[in-house]
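Mapping of the sequence shown onto our numbering: residues 2 to 219, in sequence order.
For glycine and all other residues, C-beta sits at the position ideal for the given N, C-alpha and C.
Scroll down for the structure; my scribbles are underneath it.
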Amino acid sequence: MQSKYLSAEERRQRTVEAVVTLAGTQNPSEITTAAIASEMSVTQGALFRHFPSKEAIWQAVMQWVADRLLGRIDRAAEISNSPLAALHAIFMSHIDFVVEHPGVPRMMFGELQRAEATPAKKVAHSLMKRYAERLAHKLEEAKAGGEIRDDTDTQAAAILFIGMIQGLVMQSMLAGNLRAARANAPGVIEIYCRGLGAGRVDLTSQASKERRQSKKKG
Numbered sequence: 002m003q004s005k006y007l008s009a010e011e012r013r014q015r016t017v018e019a020v021v022t023l024a025g026t027q028n029p030s031e032i033t034t035a036a037i038a039s040e041m042s043v044t045q046g047a048l049f050r051h052f053p054s055k056e057a058i059w060q061a062v063m064q065w066v067a068d069r070l071l072g073r074i075d076r077a078a079e080i081s082n083s084p085l086a087a088l089h090a091i092f093m094s095h096i097d098f099v100v101e102h103p104g105v106p107r108m109m110f111g112e113l114q115r116a117e118a119t120p121a122k123k124v125a126h127s128l129m130k131r132y133a134e135r136l137a138h139k140l141e142e143a144k145a146g147g148e149i150r151d152d153t154d155t156q157a158a159a160i161l162f163i164g165m166i167q168g169l170v171m172q173s174m175l176a177g178n179l180r181a182a183r184a185n186a187p188g189v190i191e192i193y194c195r196g197l198g199a200g201r202v203d204l205t206s207q208a209s210k211e212r213r214q215s216k217k218k219g
């Protein structure tokens with residue numbers, strides 16, 4: 002009975018969380034408003050009192066993903082003791098986010114594949130752009146500080162960074178074991194850092210500490 006006393010914002014938040022949960026077990030494109038309403042134990046009419054359309058729900062979901070993911074990687078970077086350590090922490094915190102919310106990569110891949118420029122797709126594109134900008138900035142800092150080669154193409158390195166995450170996630174999804182991405186992530190990011198000329202850097206302990214602190218704040 003307490004649910005009827007939730008504010009409009011709280012109900013919108015619950016709707017977004019319901020979609021994220023459903024996307025973790027089924028194809029996002031097949032999620033209906035009836036399924037969302039059922040997950041929330043409300044009627045479809047109640048659902049549309051807070052969103053004018055299904056597309057508006059999807060836009061809110063993508064905005065939730067963008068806010069949560071960028072917030073998490075920003076916190077991971079802030080508590081790191083160097084730009085290179087920040088890149089390592091960002092990589093691991095992103096993988097953790099995906100493992101905790103398995104529906105997120107399904108929704109992201111689904112939106113980015115859509116032919117039409119939907120509001121949700123625009124949010125997804127904006128997320129990718131802002132993420133890449135953060136990476137390029139950290140890579141420039143690492144280059145200026147002598148942590149990586151001074152001839153590093155930071156734009157290309159940022160693209161590769163994102164591609165590694167997408168590859169890990171995709172392979173793990175195909176294998177039906179998303180947690181495998183977390184197990185394989187440390188080795189992948191170490192190879193990446195060494196490829197940038199960082200040498201063999203043991204960031205495992207530092208990264209683990211940063212991830213614990215980031216989760217406490219998140």
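With residue i as the anchor, note down where its alpha helix (DSSP H) starts and where it stops.
i: Gly111; result: 104-114
i: Arg15; result: 9-24
i: Thr33; result: Looking at the DSSP string, Thr33 is not in any alpha helix (DSSP H), and its letter there is neither H nor E.
i: Phe162; result: 155-175
i: Gln45; result: 45-48
i: Leu85; result: 84-101
i: Ile192; result: 180-196
i: Gln225; result: Nothing in the structure corresponds to residue 225, since the chain is present only between 2 and 219.
i: Glu134; result: 120-145
i: Leu80; result: Per the sequence shown, the amino acid found at residue 80 is Ile instead of Leu. Neither: Ile80 is in no alpha helix (DSSP H) and is coded neither H nor E.
What do you reckon, are the CB atoms on residue i and residue j nearer than 7 Å?
i: Leu136; j: Ala159; result: yes
i: Ala35; j: Leu128; result: no
i: Ala143; j: Pro84; result: yes
i: Gly111; j: Ser30; result: yes
i: Ser94; j: Ala118; result: no
i: Arg13; j: Met41; result: no
i: Trp59; j: Val17; result: no
i: Arg150; j: Gly198; result: yes
With distances taken Cα to Cα, identify the nearest neighbour of residue i among the options.
i: Ala182; options: Ala36, Ala19, Gly168; result: Gly168
i: Glu148; options: Ala87, Glu56, Asp75, Glu112; result: Ala87
i: Ile91; options: Val21, Leu71, Phe110, Thr153; result: Leu71
i: Leu48; options: Glu31, Ala9, Glu117, Ser173; result: Ala9
i: Pro120; options: Gly198, Glu11, Ser54; result: Ser54
i: Val20; options: Ser81, Arg107, Asp75, Asp152; result: Arg107
i: Thr155; options: Arg50, Asn82, Tyr193, Asn185; result: Tyr193
i: Arg69; options: Val105, His89, Gln27; result: Val105
i: Glu11; options: Ala145, Leu23, Arg50; result: Arg50
i: Glu79; options: Lys139, Gly46, Thr153; result: Lys139
i: Ile96; options: Gly177, Gly46, Ile163; result: Ile163
i: Gln27; options: Asn185, Glu191, Gly177, Ala184; result: Gly177
i: Asn1; options: Ala57, Gly146, Val43, Gln45; result: Outside the displayed span of the chain (2 to 219) sits residue 1, for which this structure offers no information.
What whole-angstrom Cβ distance do residue i and residue j have, given they're in contact under 8 Å?
i: Phe98; j: Arg73; result: 6 Å
i: Val189; j: Met165; result: 6 Å
i: Ser52; j: Ala61; result: The amino acid occupying residue 52 in the given sequence is Phe; Ser does not appear at that position. Yes, they are in contact, since the Cβ atoms of Phe52 and Ala61 sit about 7 Å apart, within 8 Å.
i: Ala125; j: Met109; result: 6 Å
i: Lys122; j: Leu113; result: 7 Å
i: Gly25; j: Pro103; result: 4 Å
i: Leu161; j: Val100; result: Leu161 to Val100, Cβ: 21 Å. No contact.
Measuring from the CB of residue i, is there a heavy atom of the ligand MG at a distance below 6 Å?
i: Val124; result: Looking for the ligand MG in the displayed structure turns up nothing, as the structure carries no ligands at all.
Give a yes or no on whether the minimum CB-CB distance between residue i and chain C is below 7 Å.
i: Asp154; result: As a matter of chain content, chain C is missing from the structure shown, which is built from one protein chain.
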